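Enquirer: Got a structure here, written out as structure tokens. Questions coming.
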Amino acid sequence: MTEPAVDASHDGGAPGDRPPPGLDLDRLAGWLAAHRPELVADGPLRASLITGGKSNLTYLLHGAGRELVLRRPPLGHVLATAHDMAREHRVIAALAPTAVPVPGVVLLCVDPAVIGAPFYLMHRVPGEVLRTRAQTDPLTDGQRRDLAWAMMDTLAALHTVDPAEVGLADFGRPEGYLGRQVRRWAGQLDRSRSRELPGVDELRDALATSMPEGVNAGRIVHGDYRLDNLLTTVDPVSVRAVLDWEMATLGDPLADLGLLLTYWDVLGDSDLAEGNPVADGLGPRAGFPTGGELIARYAGRSGVDVGPLHWHLALGCFKLAVICEGIHYRHTLGQTLGGGFDRIGDMVTPLVEHGLRAVRGN
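Letter 352 of the sequence shown, counting from 1, is numbered 352 in the UniProt record's numbering, and no numbers are missing.
Right, here's the structure in full:
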């Protein structure tokens, strides 16, 4: 995880230094000394907040003999069930022996008294998160194409893992998954409403009354799969790790594909994408293959029936609209860290409009 970090690193042994928001290094160091003393044997901990995350917070820890990464829920307003550290830790650990690249996990702490929230530690994986046009414009056409294929091949690899074989048979309830998704995101929307959102209730109702049969149900779903949730290299092109598993469950894999295409073709082809921290470096506008090409690549490697994909695209638009509205709400409360969040609220209406067109089959 080699993204640039913000907030000056904090030496836990130097009084007066300001630690990164959301991380009490003194309490963390004390807890590690009691439970994993080898991780603090080399001296005081230092930490920096990794930029780019719109949800869970990610920190790079130094001074533990090796660089580690810590994940915790966001500050302030938190959507119910959306930031479960134990689930994220469990799925990463389960996928370690499979073809799906994930970071190696180190430990999980579910006691919020340590740093103010549950957290887990994992090994740092070398690579880059590609999020902006400044990062992707220097790539060759071949590198962009190969990155897109690697992204789709990794998603296909995830969706071909048998949950029972990796100890995840009880990780979710595939039956009724789509209905629960609609109800869950409708509930999350209600918890984040702070303004009028034309069309969003119509989209919610249309999704609820037109759900396809779950012909692909029962596979591991990432829940927020996209290029900038992958740690990659470009020379050679590879996916080093899939990140941000906080929404993972068992369900219909087309939910992942529909949301990916929402980022790729809906936001990636919008003027709102330019300079936006959600979608700036993605999609055909940035020189990558089209959504149709991504679908063909995925279908040829996953064995998943992509027939009902238009409904899942509409679900992706609804889900991402709710996520953006939640981020917008936190931003209005001053509870987001990093830049670019002032524009995320502008994305909600176009997402709702596209979702309505998709759910109607247009």
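Note that beta-carbon positions come from the ideal geometry of N, C-alpha and C, so glycine has one too. Owing to the predicted nature of the structure, the values given are computational and were not obtained by experimental measurement.
Let me make sure I understand the geometry here. Which of G116, R36, V359, L28 has the alpha-carbon closest to that of A208?
Expert: As a position in the sequence shown, residue 208 is number 208, starting the count at 1. Of G116, R36, V359, L28, the residue nearest in Cα terms is V359.
Enquirer: I need the boundaries of the beta strand (DSSP E) containing A241, first residue and last residue.
Expert: Numbered from 1 along the sequence shown, position 241 holds the residue referred to as residue 241. 237-242 is the extent of the beta strand (DSSP E) around A241.
Enquirer: Using beta-carbon positions only, say whether G116 and Y177 come within less than 8 Å of one another.
Expert: On the sequence shown, position 116 is the one that residue 116 refers to. On the sequence shown, position 177 is the one that residue 177 refers to. Going by C-beta atoms, G116 is not nearer than 8 Å to Y177.
Enquirer: Quick test of your reading: A47 and L25, contact by CB under 8 Å. State the CB separation rounded to the nearest angstrom.
Expert: Within the sequence shown, the letter at position 47 stands for residue 47. Within the sequence shown, the letter at position 25 stands for residue 25. Indeed they touch by this definition, with Cβ atoms about 6 Å apart.
Enquirer: Kindly give me the distance between the Cβ atoms of R204 and F318, rounded to whole angstroms, as I take these residues to be in contact under 8 Å.
Expert: Mapped onto the sequence shown, residue 204 falls at position 204. Mapped onto the sequence shown, residue 318 falls at position 318. Contact flag correct, Cβ pair sits at about 7 Å.
Enquirer: DSSP three-state call for H222: helix, strand or coil?
Expert: Translated into the one-based positions of the sequence shown, residue 222 becomes position 222. Here H222 sits in coil by DSSP.
Enquirer: Touching or not, the region 90-103 and the region 182-202, by the rule of three or more beta carbon pairs under 8 Å?
Expert: With a cut-off of 8 Å, the region 182-202 and the region 90-103 do not count as touching, because too few Cβ pairs lie within range.
Enquirer: Who are the near neighbours of R27 in its chain, counting only those whose CB is closer than 7 Å to its CB and skipping five residues on each side?
Expert: Position 27 of the sequence shown holds residue 27. If we look at R27 and ignore the five residues flanking it on each side, its Cβ neighbours are V114, I115.
Enquirer: State yes or no: is the C-beta of L313 within less than 8 Å of the C-beta of T349?
Expert: If you number the sequence shown from 1, residue 313 lands on position 313. If you number the sequence shown from 1, residue 349 lands on position 349. No, these two residues do not count as a Cβ contact at 8 Å.
Enquirer: Going by DSSP, what residue range makes up the alpha helix (DSSP H) through F318?
Expert: Numbered from its first residue, the sequence shown carries residue 318 at position 318. Run containing F318: 309-332, per the alpha helix (DSSP H) assignment.
Enquirer: Any idea if V110 is buried or exposed, counting beta-carbon neighbours within 10 angstroms, 16 or more meaning buried?
Expert: Within the sequence shown, numbered from 1, the residue matching residue 110 stands at position 110. Exposed: under 16 other Cβ atoms inside 10 Å.
Enquirer: Specify the secondary structure class of M122 as computed by DSSP and reduced to three states.
Expert: Counting from 1 along the sequence shown, the entry for residue 122 is found at position 122. Note: M122 maps to strand in three-state DSSP.
Enquirer: Taking H123 as the reference, give the member of T140, P101, W264 with the closest Cα.
Expert: As a first step, residue 123 must be located in the sequence shown, where it is residue number 123. Residue P101 is the option with its Cα nearest to H123.
Enquirer: Pick out whichever of T232, I50, A156, D170 has its Cα sitting closest to the Cα of H222.
Expert: The residue labelled residue 222 in the question sits at position 222 within the sequence shown. The option with the nearest alpha carbon to H222 is A156.
Enquirer: Between the alpha carbons of A29 and P44, how many angstroms are there, rounded?
Expert: Along the sequence shown, read from residue 1 onward, the residue named residue 29 stands at position 29. Along the sequence shown, read from residue 1 onward, the residue named residue 44 stands at position 44. Rounded to the nearest angstrom, the two C-alpha atoms are 8 Å apart.
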